[in-house]
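Notes for the one structure printed next.
Residue numbers (UniProt numbering), protein chains in the order written: chain Z, 1 to 312; chain A, 1 to 312; chain F, 1 to 312; chain P, 1 to 312.
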């Protein structure tokens, strides 16, 4: 009987590739002044948070994305106390940062208060994080808020939508932004980490290699890494950058650091998994090394509507 | 923004043809012991009532289907007082029958009380009909209820799901059923009308010509007719049958009869429209004349999961 | 096994409704300087001619469209000798016109020589028509060729693509075109007939009612008619217009005229079928009567990419 | 123009997840007595070889799959001379094996001679391999041919379709097969490697963990590894097994071994990439360790129609 009709969420991954996720029910529909907000019960990925009809985060594997976004940078820093999150309205990035015992303050800046409050109310996994007194949430453009901050941060996390044509987010991937606005707000030894878009052998040139190269113009050291995120239908990439060396980890040290510095058990990462994330495959490594494009406001690269996590 | 709207209801019209209707929201999800019940706000067709994931009725054009199902038979009868509806849980068939001033009693038999009550509460267009004291609703198998009825009816209306393999409804399309169970319950001069499935030039052989031929084995006269129902993605067919002659209407007479006998204004039918419905195209007329198949329990024809109106 | 993967041709009927036709094989792929040309073996509709990826004509039901486009106008004319076809590159429109014994000359103007020659070579049903000495084929913009013609025609047939935004065809649906360019080329008593787009109760306002109203500004009489074309997924409409009265036919007369004036047997039309085509349903009739929009170059209405027959 | 390109190949990845690959053209269509054979030019993945409507191998990333299938096992063996390939009709597995300087003989057993000859003629990348005198191709059931072989092999490679319900291939994944038929044909120190199906964090329990556990019942040592294959829409897994220890590689040694033992440059693998493949993520490692299911003919696990490489 269910064969006859099926409710599907269709996503264009590229203009020549799309996928369709079965929808069991729509748990919530609403809108802020910035975007439509939906929470969907999907067949393959459990609850899906959707903004403007795009999947942002899936119950089944958001931990892969968020652990990979947050912990490598915080573990690479000897003692991260102050964290700034650009975007991250869903709260999962803050949740992971707040697991670090050293963290004293997390400032999260997301433009959409309605989304943040929706996620606080509807995503049980993030409830505790939203109540953590160390978390300060600001509703604004992350760029504006970062610029006018008088503080410096140990780790700044870019949990922003992909640079999509027509969207404003690409400004937070430019060399000018990194150099003039972000870098001054990094404390000595500070690390920036950003999500970097698809990083598969057929997709890393869309934006990932450019974001990496742009960061490499501004910081002495970069460390790209990636892993497979099922609900994103691809390998996904992140990039750390700093003026301090970012050493690749030794497994045993990492496992010890995780045990010592992070509350609770991680679902995805351990030393070995993180080491594998940092071992990009040969073709991607070569491609990153060969990339010459630098993001500027006048020369940006864009990705087909596959934004992930918003915050701008 | 329209990129964001990517929720689709996919229906297999045939195994080599499917269509996808944009879904704006899901207004209700529930279940009875017989089936799942959903009410969906669709892009092209307004509210869609779905049973077991199949569209039953669309706000935008259910009047085409239900006026065409009900009025031709009632107008062909000189003075229809007692009506029996097999299925019709949605209430729209009863609504149309109750518009006839002559009608004194409508017995509607649908197996699923939960669906009937859902439609009563959620479909404003049928609210008044459900409150009409002339309507008697029974929750049972229409076959069982018809068999044990001690009354005879002027018009019996088959508002049943298409004969789908594995579904039980095909039993209400067989020669045995028409002959032994239904016909004895028709009052003298009584008329049976049933929905007959797709009736387009490429689809009428699926079941429509067989249902017609089956009725022609049992009744002296049949009158097939059809029209385009957008949300069914095809021309749709109905068949009247009676032992009394079923004359094709003269437009002027029909318009007068509609004005005199039916309360309110019809949305779809007038004399001319009804005359056109009865003028099946040449190829379909030839095909009906050439059909030799007769529905029996052992030799039924089935349609690809495109059931319309349930009630069994 | 075939369940696992399926090749589908996806068409957006509207921005909130699409359908998918199973593809068995691609018989031909090529391109002219105007458009891509493909011939596909489809599951439900046999061979599908596609231009720029849009289905133009289906083996299974092109006769419905082309008989309906051509014969009503030619039968409404007492003695049609000279016919002008705007578009019609496929050849099927010429084929139907040439079946009329009275016809002495058919001028067909299609902009794309490659398409015409492809259809001549690949569509067996039209082979004979292309070899008929009464047929003259010109490769040009139909508007230009009509304007510079020194002849007058008994029937001018618009077998053009729908007015689609960005396409040039909408110019051949404007009041100026009908009045200043087309009408002077009609012989006394001459008739123009054009395809008019979707004409279902939910779709006739897209362009059909406007095309009808535009013709009604220029000609004393119009006669709209429609029928269901399965591969177009909708009811389809045509409009005749003339300064001579266009009487609706009497069935017996029509059958006699078809028998007398047309070679061979028609697949779709007979008197009764044609009469039913001309009996638009009540809602569509009312809607045509209420339409006030007139096509001009500055105020055109467009249809979602569902072009049918090209020729401009 | 891109609106026009609407031909899609739809694959059900799971019953609640499907994806659609744009088709540019169909380069070949044919059939053997076992299956349909098609070669399609796809948008995202270049040429796609399809058997029975299922994608087997994509031009854009088949090297990821085939290098990962072949080289780890051959590099883990000190001096592989004789190789047996179960399936592999496409020729790519043989091609990779033949790049090893030590290899003296490759026996490839595929049931479908027509597929093998098609690939030999149509896939330029494998032309040289098919002409290599060290390659012996047999057309038969791999199980039968392996059983009756009088030789022993250094490496046996399972390049078979996934265990799909109703397909015969699952027999080549059972404990009985590995123990009674395959293991006796391994030379001392010999290694079996097989493709193992999807190995993502949400998919590894479908079959991968069971295949791994089954091999672990029969061999003293197993070594599972995985990587992302874009055209398979998931992380993909392989498993080596042997009675000799299978040590995880040290990067420097591996790079040296690749340079010394393999002709030409690998496209995907180097020491670091291979090391990352072998570092399964924490969740998958735990899941493999916890698996208790063993494949037998009476208790097999099956995967939704997503077979890859046939050969049985």
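Backbone N, C-alpha and C fix where the C-beta goes; we use that ideal spot for every residue, glycine too.
Check	Outcome
What does a CB cutoff of less than 6 Å around residue 221 of chain F pick up in its chain, not counting 5 residues either side in sequence?	242, 245, 246
Quick check on DSSP: helix, strand or coil for residue 28 of chain A?	strand
Which residues in chain F sit within 9 Å of residue 376 of chain A, going by Cβ to Cβ distance?	A query on residue 376 of chain A cannot be resolved here, the shown segment of chain A reaching from 1 to 312 and no further.
Report the rounded CA-to-CA distance for residue 158 of chain F versus residue 194 of chain F, giving the unit in angstroms.	4 Å
Please list, in chain order, all residues of the same chain as residue 120 of chain F whose beta carbon is under 6 Å from its beta carbon, the five residues on each side excluded.	130
Going along the segment 36–58 of chain Z in order, which residues come within less than 9 Å of chain A, judged by CB to CB distance?	36, 38, 40, 50, 51, 52, 53, 54
Residue 100 of chain Z and residue 272 of chain Z: beta carbons closer than 9 Å?	no
At a cut of 8 Å, does the segment 102–110 of chain Z reach the segment 79–93 of chain Z through at least three beta carbon pairs?	yes
Against residue 25 of chain Z, what residues of chain A qualify as contacts under a CB-to-CB distance less than 8 Å, listed in chain order?	26, 29
If you reduce the DSSP assignment to three classes, tell me which class residue 251 of chain P lands in.	helix
Does the distance from the CB of residue 155 of chain A to the CB of residue 83 of chain A come in under 9 Å?	yes
Would you mind working out which of Z:6, Z:7, Z:8, Z:19 sits nearest residue 231 of chain Z, comparing C-alpha positions?	Z:19
For residue 268 of chain F, tell me which candidate among A:286, A:140, A:212 has the shortest Cα-Cα distance.	A:286
With DSSP collapsed to three states, give me the class of residue 134 of chain A.	coil
Taking residue 11 of chain Z as the query, report the chain A residues whose CB atoms sit under 7 Å from its CB, ordered along the chain.	6
In chain F, which residues lie with their C-beta within 9 Å of the C-beta of residue 281 of chain A?	64, 227, 228, 268, 269, 270, 272, 273, 276, 277
If contacts are defined as beta-carbon pairs under 8 Å, then residue 61 of chain A and residue 229 of chain A qualify, I think. What distance do you get, rounded to the angstrom?	6 Å
Assess, as a yes-or-no matter, whether the segment 179–193 of chain A is touched by the segment 70–77 of chain A under the definition of 3 or more beta carbon pairs within less than 8 Å.	yes
Which residue marks the beginning of the beta strand (DSSP E) containing residue 271 of chain A, and which one marks its end?	No beta strand (DSSP E) holds residue 271 of chain A; the alpha helix (DSSP H) holding it covers 271–278.
Which of the three DSSP states, helix, strand or coil, is assigned to residue 152 of chain A?	coil
Of all the alpha helix (DSSP H) runs that stay within the bounds of the segment 16–84 of chain Z, which reach a length of 4 or more residues?	62–76
So that I know if they touch, is there some Cβ in chain Z lying closer than 9 Å to that of residue 92 of chain P?	no
Is DSSP giving residue 226 of chain F helix, strand or coil here?	strand
By the three-class DSSP mapping on this structure, what secondary structure does residue 1 of chain F have?	Residue placement at residue 1 of chain F is flagged as unreliable, the pLDDT there being 26, under the threshold of 50; the coordinate-derived value follows with that caveat. The answer is coil: DSSP assigns residue 1 of chain F none of H, G, I, E or B.
Going by DSSP in three states, residue 194 of chain F sits in which element: helix, strand or coil?	strand
DSSP on residue 214 of chain F, reduced to helix/strand/coil?	helix
Rounded to whole angstroms, what is the Cα-Cα separation between residue 11 of chain P and residue 55 of chain P?	9 Å
Compare the C-beta of residue 195 of chain F against all C-beta atoms of chain A and say whether one is closer than 9 Å.	no
Keeping to the same chain, check which residues put their C-beta closer than 6 Å to that of residue 95 of chain Z; ignore five residues upstream and five downstream.	126, 129
When the cut-off is 9 Å and only beta carbons count, does residue 285 of chain Z lie next to chain P?	yes
Output yes or no for whether 9 Å exceeds the beta carbon distance between residue 296 of chain A and residue 174 of chain A.	yes
Less than 8 Å between the CB atoms is what I'm expecting for residue 365 of chain F and residue 181 of chain F, so what's the real figure, rounded?	With chain F covering only 1 through 312, there is no way to say anything about residue 365 of chain F.
Out of A:114, A:258, A:13, A:71, state which residue places its alpha-carbon closest to the alpha-carbon of residue 233 of chain A.	A:13
Along the chain, where does the alpha helix (DSSP H) containing residue 117 of chain Z start, and where does it finish?	113–122
DSSP three-state label for residue 163 of chain A, please.	coil
Grab the span of the beta strand (DSSP E) containing residue 241 of chain Z for me, first residue to last.	234–242
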